[in-house]
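Those letters in the sequence shown? Residues -10 to 157, by the working numbering.
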Amino acid sequence: MPSISAAHIAPQSGGFEPQRSFDFSIEIYGIPGADVIQLALLDGFFPTGKNDIINIKYMAQERKVAGQLTFDEGRFTCVDYVDENTMGILQAWRATVQNIQSGALGFASQYKKEGSVVLLAPDGSRPRVMRMAGIWPVSVTGEGLSMGSSEVFKASVSLAIDIAYPEF
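Now the structure itself:
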């Protein structure tokens, strides 16, 4: 009977180094007030795409084929900094989607941006990068106001995503 062990996971000789869930960043390019924003993240997401299923019925059988590709919204939470005005930068981007005062919608060419979800290796290299295109903030919310705690103020953003793909 073969023995089962974890000797192959993160051995001294190398190989099978686990990806840590806390080693990641989200980068957004070209939003108002910042060429590239890299946030002090508390939690994030990995883009998830899925195809609708088209069922084709023929006589007493059924076959399935791929339909439209859609991507789920991504949500992340970050720390707001007074001197960097993280919340203000995110709200300015959100204002390009819709002017809250007038109700006017913005042009997609102005509010849609590109970004990346980057999983980092322990040495800081970027072995896994998921590029996102056509992203825009569906909502920007502040979280964590409490007189009775010593928590930091957090900004939370939900992103619509047109497409996401791995960068090899």
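Note that CB positions come from ideal geometry on N, CA and C, so glycine has one too.
Whole-number beta carbon distance between residue j and residue i, since they are thought to touch under 8 Å
i: residue 65; j: residue 146; result: 6 Å
i: residue 78; j: residue 22; result: 4 Å
i: residue 63; j: residue 150; result: 6 Å
i: residue 102; j: residue 152; result: Not quite, the Cβ-Cβ distance comes to about 13 Å (not below 8 Å), so this is no contact.
i: residue 118; j: residue 73; result: The Cβ separation is near 24 Å, so there is no contact.
Under the three-state DSSP convention, the category residue i falls into
i: residue 107; result: strand
i: residue 123; result: strand
i: residue -7; result: coil
i: residue 9; result: coil
i: residue 1; result: coil
i: residue 163; result: There is simply no residue 163 to check, as the chain begins at -10 and stops at 157 in what is shown.
i: residue 129; result: strand
i: residue 70; result: coil
i: residue 98; result: helix
i: residue 83; result: helix
i: residue 113; result: coil
i: residue 77; result: helix
i: residue 137; result: coil
i: residue 142; result: coil
i: residue 15; result: strand
i: residue 150; result: coil
Burial state of residue i, where buried means 16 or more other Cβ atoms lie within 10 Å
i: residue 113; result: exposed
i: residue 53; result: exposed
i: residue 104; result: buried
i: residue 136; result: exposed
i: residue 143; result: buried
i: residue 222; result: As shown, the chain starts at -10 and ends at 157. That puts residue 222 outside it, with no answer to give.
i: residue 148; result: buried
i: residue 106; result: buried
i: residue 76; result: buried
i: residue 45; result: exposed
i: residue 13; result: buried
Below 8 Å, how does it come out for the stretch 23 to 42 and the stretch 66 to 79: are there three or more Cβ pairs, yes or no? Because the criterion of three Cβ pairs below 8 Å is met, the stretch 23 to 42 and the stretch 66 to 79 touch.
Which runs of the beta strand (DSSP E) fall wholly inside the stretch 19 to 61 and span at least 3 residues, in chain order? Complete beta strand (DSSP E) runs here, min 3: 25 to 27, 30 to 32, 38 to 47 and 50 to 60.
Evaluate the contact criterion for the stretch 115 to 124 versus the stretch 90 to 105: three or more CB pairs, one atom per stretch, below 8 Å. Under the Cβ criterion (8 Å, minimum of three pairs), the stretch 115 to 124 counts as touching the stretch 90 to 105.
Is it true that the stretch 75 to 90 meets the stretch -8 to 4, where meeting means three or more beta-carbon pairs spaced less than 8 Å apart? By the Cβ rule, the stretch 75 to 90 does not count as touching the stretch -8 to 4, because fewer than three pairs are nearer than 8 Å.
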